[in-house]
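A.B. asks: Here it is: the structure, laid out below.
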Amino acid sequence: MSAPFYKFGLFGDNIGLVIAFVIGIGFGFFLERAGFGNARILAAQFYFTDLRVFKVMFTAIVTAMLGLFYLSWIGFMDLALVYATPTFLLPQVIGGLILGFGFVIGGYCPGTSAVSAATGRVDGMIYLVGLITGTFVFGEFFPLVERFYVATPMGRVTIPDILSLPYGLVVFLIALMAVGGFAGATWIEKTVAAKRGAVKP
Amino acid sequence: MRTHLSRLTPNQALGLGALILGLGALLIGNPSGGATATIDARELARIVQTEVDHVKPVELADWIIKGKADFRLIDLRSTEDYAAYHIPGAENVEPTSLMDYGLQRNEKIILYSDGGIHSAQAWFLLKTAGYRGSYILLGGLEGWKDEVLFPHLPASPSREEMATFEQSREVSTFFGGTPRTGTASDQPSATQALPKPEMPSSPAARAAAGPPTRKKKEGC
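Protein sequences, first through last, are from chains A and B.
The first sequence maps to residues 4 to 204 in the numbering used here.
The second sequence maps to residues 40 to 259 in the numbering used here.
Next comes the structure, spelled out in structure tokens:
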């Protein structure tokens with residue numbers, strides 16, 4: 004038995020959908036438990052008062068990274084078969100900026116807006132409606148933006164490839180960065196809280 | 040030491056764990072254990088026995104009709120045979136140049152030759168070289184002719200067989216073949232005229248193909 008299971012034909016499309024459903028429920032559950040259904044908590048990271056988004060995301064990244072690395076090392080997992088989104092540098096930079104603006108303005112990213120709507124928050128529901136409308140509009144106008152959409156293609160790019168560093172070194176550096184980031188984030192939260200406390204008791 | 044560890048908060052302990060694992064990764068270096076692929080004979084045998092390495096001609100036809108682009112179709116026959124007829128979208132690669140052809144190890148590669156032997160040999164070659172998403176077109180080009188280009192209706196068909204055949208007829212027409220009915224089914228397919236090796240892509244042809252035989256969803 005080797006992973007990824009789907010690529011090795013251990014189950015077909017229909018079972019794959021069931022598994023995706025279960026994983027999706029889990030994803031939503033943990034987003035909600037982390038408090039990401041609340042726009043105030045999400046927006047707080049931009050004011051450095053609550054950096055839990057940063058912490059949760061970095062924890063997920065490091066956990067997945069270490070898991071994949073060691074599963075591949077023991078020969079259980081074929082990393083070459085794991086889907087990595089191809090890089091289109093310019094459109095993805097612009098898209099990232101648009102998403103960032105939306106995040107700052109609305110207080111949600113696409114996943115968390117679904118979580119928020121599911122917990123009954125009206126802003127989340129409106130956000131979700133906007134998301135679906137935007138997707139639809141984008142789909143309708145796709146021929147107009149298609150050339151930009153596929154501009155600057157770089158294919159499947161990974162950090163070890165692009166920096167020509169060993170995988171292990173990159174894994175170590177990211178783990179180091181995460182631990183440093185946690186310590187730094189906690190320190191920032193405390194400092195900002197102390198300052199705000201001093202200004203507004 | 041023990042007291043130091045027990046004084047850590049859960050967060051600090053997790054952070055420490057991540058650092059230790061990261062340090063281990065630094066020492067390991069490459070997670071895939073170098074450039075050589077290990078051949079797991081038992082795994083290969085399992086694949087052969089469970090036949091998950093096969094793609095049925097009708098499945099392939101369905102993917103081509105739907106314009107799926109997540110696979111590469113490799114024609115292992117000679118250049119002349121390829122010029123005479125090939126499955127739409129196929130690339131002609133002779134077994135000798137297979138390794139230098141520029142296939143990616145993470146691609147889904149579907150191999151076919153006239154029968155099944157050449158593709159089975161090439162499949163094994165690719166598998167041992169670490170091309171893990173290699174598949175064989177079941178029955179090769181002969182299978183493709185039998186099931187897709189010239190499907191035949193068995194004598195005295197049941198209602199179900201009729202329905203299946205109706206679908207096959209549409210698929211067959213899409214690829215420029217001719218369905219066979221009744222006694223014509225005894226005829227060997229080689230005598231049938233092969234369609235021109237071109238990709239049928241006009242919207243009319245697509246519409247005529249009707250509902251695909253089997254639903255296949257995109258997986259990433």
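Ideal placement from N, C-alpha and C gives every residue a C-beta, glycine not left out.
(1) Check whether the Cβ atoms of Arg-208(B) and Pro-196(B) sit closer than 8 Å, and answer yes or no.
(2) If you draw a straight line from the C-alpha of Lys-276(B) to the C-alpha of Ile-22(A), how long is it?
(3) Classify Ala-205(A) as helix, strand or coil using the three-state DSSP reduction.
(4) With DSSP as the reference, identify every bridge partner of Gly-200(A), one or two as the case may be.
(5) Under 8 Å, Cβ to Cβ, is there at least one residue of chain A near Pro-70(B)?
(6) Which residue's Cα is closest to the Cα of Phe-39(A): Lys-198(A), Phe-14(A) and Pro-113(A)?
(7) At 9 Å on the CB atoms, spell out the chain A contacts of Arg-171(B), in chain order.
(8) So, under 8 Å CB-CB, Pro-70(B) and Leu-168(A) are touching, yes? Tell me the CB distance rounded to an integer number of Å.
(9) By how many angstroms is the C-alpha of Gly-154(B) removed from the C-alpha of Gly-182(B)?
(10) Considering Cα atoms alone, identify which of Asn-41(A), Glu-143(A), Val-195(A) and Lys-10(A) is closest to Ser-116(A).
(11) Is Leu-45(A) near Glu-192(A), with beta carbons less than 8 Å apart?
(12) Only counting the same chain, and skipping five residues up and downstream in sequence, which positions put a Cβ closer than 6 Å to that of Leu-84(A)?
(13) Taking Cβ positions only, does Arg-111(B) come closer than 8 Å to chain A?
(14) From Leu-62(B), Val-94(B), Val-87(B) and Asn-50(B), pick the residue whose C-alpha is nearest to that of Leu-180(B); which is it?
(15) So, helix, strand or coil for Val-132(B), using DSSP?
(16) What first and last residue would you give for the alpha helix (DSSP H) that runs through Tyr-111(A)?
(17) Name the DSSP beta bridge partners of Asp-139(B), please?
(18) With a Cβ-Cβ cutoff of 8 Å, do Leu-65(B) and Phe-72(A) count as a contact?
(19) By a C-beta neighbour count over all protein chains shown, 10 Å radius and 16 as the cutoff for buried, is Glu-119(B) buried or exposed?
(20) Just the Cα atoms here: how many angstroms apart are Gly-171(A) and Gly-215(B)?
(21) Going by beta carbon distance, what residues of the same chain come within less than 7 Å of Val-140(B), once the five residues before and after it are set aside?
(22) How would you write the range of the beta strand (DSSP E) that Arg-111(B) sits in, first residue to last?
C.D. replies: Once the coordinates are examined:
(1) Against the second sequence, residue 208(B) aligns to sequence position 169. Against the second sequence, residue 196(B) aligns to sequence position 157. Taking the C-beta atoms as reference points, Pro-196(B) is found no nearer than 8 Å to Arg-208(B).
(2) The requested residue 276(B) is not part of the displayed model; chain B covers only 40 to 259.
(3) Chain A is shown only over 4 to 204; residue 205(A) falls outside these bounds and no answer can be derived.
(4) By 1-based counting over the first sequence, the position of residue 200(A) is 197. Gly-200(A) pairs with nothing; no bridge assigned.
(5) Locating residue 70(B) in the second sequence gives position 31, where the first residue counts as 1. It does: the Cβ of Pro-70(B) has a partner Cβ on chain A nearer than 8 Å.
(6) Residue numbering aside, residue 39(A) sits at position 36 when the first sequence is read from its first letter. Looking from the CA of Phe-39(A), the closest CA among Lys-198(A), Phe-14(A) and Pro-113(A) belongs to Pro-113(A).
(7) On the second sequence, residue 171(B) is found 132 positions in, with the first residue counted as 1. Ser-5, Lys-10, Phe-11, Asp-81, Ala-83 and Leu-84, listed in chain order.
(8) Within the second sequence, numbered from 1, the residue matching residue 70(B) stands at position 31. Within the first sequence, numbered from 1, the residue matching residue 168(A) stands at position 165. Contact flag wrong, Cβ pair sits at about 13 Å.
(9) Numbered from 1 along the second sequence, position 143 holds the residue referred to as residue 182(B). Numbered from 1 along the second sequence, position 115 holds the residue referred to as residue 154(B). Going by the C-alpha atoms only, they are around 8 Å apart.
(10) Your numbering for residue 116(A) matches position 113 in the first sequence. Selection Asn-41(A), Glu-143(A), Val-195(A) and Lys-10(A) evaluated against Ser-116(A) yields Asn-41(A) as nearest (Cα-Cα).
(11) The sequence position of residue 45(A) within the first sequence is 42, counting from 1. The sequence position of residue 192(A) within the first sequence is 189, counting from 1. With a cutoff of 8 Å on beta-carbon distance, Leu-45(A) and Glu-192(A) are scored as not near each other.
(12) Numbered from 1 along the first sequence, position 81 holds the residue referred to as residue 84(A). Same-chain partners within the cutoff: Pro-7 and Lys-10.
(13) Stepping through the second sequence from its first residue, residue 111(B) is reached at position 72. Under the 8 Å criterion on CB atoms, Arg-111(B) is classed as non-interfacial with respect to chain A.
(14) To locate residue 180(B), count along the second sequence from 1; it is residue 141. Looking from the CA of Leu-180(B), the closest CA among Leu-62(B), Val-94(B), Val-87(B) and Asn-50(B) belongs to Val-94(B).
(15) Locating residue 132(B) in the second sequence gives position 93, where the first residue counts as 1. Reduced to three states, the DSSP call for Val-132(B) is coil.
(16) For the purposes of this step, residue 111(A) is taken as the residue at position 108 of the first sequence. Looking at the DSSP string, Tyr-111(A) is not in any alpha helix (DSSP H), and its letter there is neither H nor E.
(17) Indexing the second sequence from 1 puts residue 139(B) at position 100. Its beta-bridge partners do not exist; DSSP assigns none.
(18) Along the second sequence, one-based indexing puts residue 65(B) at 26. Along the first sequence, one-based indexing puts residue 72(A) at 69. With contacts defined by Cβ atoms closer than 8 Å, Leu-65(B) and Phe-72(A) do not form a contacting pair.
(19) Along the second sequence, one-based indexing puts residue 119(B) at 80. Only exposed fits Glu-119(B), as fewer than 16 other CB atoms lie within 10 angstroms of its CB.
(20) The count along the first sequence starts at 1 and reaches residue 171(A) at position 168. The count along the second sequence starts at 1 and reaches residue 215(B) at position 176. Straight-line Cα distance between these residues: approximately 53 Å.
(21) Residue numbering aside, residue 140(B) sits at position 101 when the second sequence is read from its first letter. It is worth fixing the name first, because residue 140(B) is Tyr in this sequence and not Val. Result list for Tyr-140(B): Val-132, in chain order.
(22) Position 72 of the second sequence holds residue 111(B). Segment 110-114, the beta strand (DSSP E) holding Arg-111(B).
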